[in-house]
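What follows is one structure encoded as structure tokens, with my remarks underneath.
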Amino acid sequence: MHAEPSLQELRATVAEFGPGKGHVLPALHKVQETYGYVSAQAMEIIARQLNTTAALIYGAASFYSDIRTSPPPSTEISWCSGPTCRLRGGDRIREAMQHVLELPLGGHSDDHAYGIHVGQCNGTCHEAPMVWVNGEVTGPLTVASAIELARAVKEGTA
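Here the sequence shown stands for residues 1 to 158, numbered as in the numbering used here.
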């Protein structure tokens with residue numbers, strides 16, 4: 001699990017952003033890239049730095065599915081929800097992986113060893129249907145290869 005960064009570390013991370021709502025998403029992304037997620041404490045720091053309300057920051061963080069508000073699992077599977085992946089069988093890939101992992105979409109194992117969530121299409125449609133495993137594209141997948149991948153993730157060998 002990730003340790004909560006200190007207030008000083010959080011302030012330093014968002015110090016480059018000036019006041020204004022136009023910096024909300026860049027600040028959220030920078031914190032997430034630095035620490036793996038955006039904690040409630042980080043949202044408060046961002047609000048102060050941007051001279052806006054915490055409600056606005058919380059609203060943005062909860063609206064965008066790519067903003068994580070809890071620490072990520074050690075092995076993270078991001079399922080591509082884009083139209084090309086879906087047309088090429090991505091829903092069957094997701095269902096098979098969820099079945100093997102015994103997780104709902106957006107869930108993680110009790111020990112935080114692995115999890116699966118929706119990822120946003122990044123244009124690697126030539127790999128469809130695909131997933132990202134810790135940010136690395138894995139595809140094109142078949143149901144059989146997705147099951148094999150999910151088993152490896154669950155066993156800690158992926």
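Ideal Cβ placement from N, Cα and C applies to all residues, glycine included.
Outcome for residue i when other beta-carbon atoms lying within 10 angstroms are tallied against a minimum of 16
i, result
"A47", "buried"
"E76", "buried"
"V190", "This structure gives no information on residue 190, because the portion of the chain shown stretches from 1 to 158."
"A15", "exposed"
"S39", "buried"
"G119", "buried"
"G20", "exposed"
"T13", "buried"
"S106", "The displayed chain sequence assigns Gly, not Ser, to residue 106. Exposed, by the Cβ-count rule."
Local conformation of residue i per DSSP, three classes
i, result
"V133", "strand"
"M1", "Reliability of the predicted coordinates at M1 is poor, the pLDDT of 45 falling under 50, and the value obtained from them is presented with this limitation in mind. Coil, per DSSP."
Beta-bridge pairing of residue i - partner residues as DSSP gives them
i, result
"Y114", "T75"
"C80", "G119"
"G107", "I116"
Residue range of the unbroken alpha helix (DSSP H) whose run includes residue i
i, result
"F63", "A54 to F63"
"A42", "A40 to L50"
"P26", "V24 to Y35"
"T13", "L7 to V14"
"G90", "G90 to L101"
"R151", "V143 to E155"
Residue i versus residue j: straight-line alpha-carbon distance, rounded
i, j, result
"L103", "I116", "7 Å"
"A144", "G22", "44 Å"
"Y58", "R68", "11 Å"
"M1", "P71", "Any reading at M1 must be qualified, since the residue scores a pLDDT of 45, below 50, and its modelled position is unreliable; the value itself is stated next. Cα to Cα, M1 sits roughly 7 Å from P71."
"K154", "W79", "16 Å"
"P5", "Y35", "8 Å"
"G89", "Q32", "30 Å"
"L28", "M43", "8 Å"
"D218", "G123", "Nothing can be reported for residue 218, as the shown portion of the chain is limited to 1 through 158."
"I45", "V24", "11 Å"
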